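Trainee: Can you keep this structure in mind? I'll have questions shortly.
In our numbering, the protein residues as written are -10 to 275.
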């Protein structure tokens, strides 16, 4: 139960956001860009991902601090087009390091992930899982193929937008995997901020807020563990209209709630801050 208290939380926060990264040449956006996915030139890109979780558990007045750090190098290939884009994600590298005063340190790497995540998506980024890797160890608690299919790419409006325009979208999760089941809803509010220049390249910056509610259940050593959390986040992404990709995304969210264990007399309080950052591997320093 002690190790699962970390791992269950990982699965809760993993679907909060996911994105891609890239680059464009100056002047590549002529007029309002259409925010809709398509396979990029060459059909393959590599993303770098880095996430941190700082969690405080209230165990009947005893406060326990948990920290989790994750990083990935993801090779992503595309096939098809239109509203039937097939995406294959290979974990070239993966590292997770969790520190828990009750269970000590937990570590995992890419050796615990065998095979790619494969899903199809439409031009707005709505995905459906096709194939899952075999995942075990600590990685099993942090890698959710179903949530990656549902929310690896941020949802797009599928049309051109202008600076100052706002829109909303909702991502609903109903996941049943070996690590447990998760149900949740995230409501996003997006605002097109306008063009921004990064390293000489012009992108459209989109800011967003998120409103999350999710519930997860797992079984560990005969005990049922249920977590309910909710909260808000904010972030942004950069859109490359020349390659139809999000080039970078950042999110920070705070989630609060409770964890109930069937063998425990009272629920435990949870308060966590999640930071997620993804970007294209441009061949520079990692």
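All C-beta atoms, glycine included, are put in the ideal place defined by N, C-alpha and C. If you're wondering where the values come from, they're calculated on a predicted model, not measured in any experiment.
Cβ of residue 154 within 8 Å of Cβ of residue 125?
Mentor: no
Trainee: On a Cα-Cα basis, can you pick out the residue from 179, 49, 206 that is closest to residue 224?
Mentor: 179
Trainee: Using the C-alpha atoms, what's the distance from residue 144 back to residue 277?
Mentor: Because the chain spans -10 through 275 in this model, residue 277 falls outside it and cannot be assessed.
Trainee: Hey, is the stretch 70 to 77 in contact with the stretch 44 to 51, meaning 3+ C-beta pairs nearer than 8 Å?
Mentor: no
Trainee: Could you name the residues that DSSP lists as bridge partners for residue 226?
Mentor: 195, 238
Trainee: So if DSSP puts residue 25 in a beta bridge, which residue, or which two residues, is it bridged to?
Mentor: Paired residues: none, contrary to the question.
Trainee: What's the gap between the Cα of residue 215 and the Cα of residue 257?
Mentor: 10 Å
Trainee: When you compare each of 240, 51, 94 to residue 221 by their alpha carbons, which one comes out closest?
Mentor: Closest option to residue 221, Cα to Cα, is 240.
Trainee: Would you mind stating whether residue 139 and residue 104 have Cβ atoms separated by less than 8 Å?
Mentor: no
Trainee: So, do the stretch 82 to 99 and the stretch 64 to 73 have three or more beta carbon pairs nearer to each other than 8 Å?
Mentor: no
Trainee: May I have the straight-line CA-CA distance separating residue 23 from residue 185, to the nearest angstrom?
Mentor: 16 Å
Trainee: For residue 280, write down the residues that DSSP places opposite it in a beta bridge.
Mentor: Residue coverage of the chain in this structure runs from -10 to 275, which leaves residue 280 outside it and unanswerable.
Trainee: Output the distance between the C-alpha atoms of residue 265 and residue 118, rounded to the nearest integer angstrom.
Mentor: 22 Å
Trainee: Assuming residue 152 is part of the beta strand (DSSP E), what are its boundary residues?
Mentor: Judged by DSSP secondary structure, residue 152 falls outside any beta strand (DSSP E); it is assigned neither H nor E.
Trainee: Is residue 252 helix, strand or coil when you go by DSSP?
Mentor: For residue 252, the three-state secondary structure derived from DSSP is coil.
Trainee: Is the separation between the beta-carbon of residue 212 and that of residue 250 shorter than 8 Å?
Mentor: yes
Trainee: For residue 128, I'd like the list of residues in its chain whose CB is within less than 6 Å of its CB, leaving aside the five on either flank, ordered along the chain.
Mentor: 97, 101, 102
Trainee: For the candidate residues 28, 31, 217, whose alpha-carbon lies nearest to that of residue 204?
Mentor: Between residue 204 and the set 28, 31, 217, the nearest pair of CA atoms involves 217.
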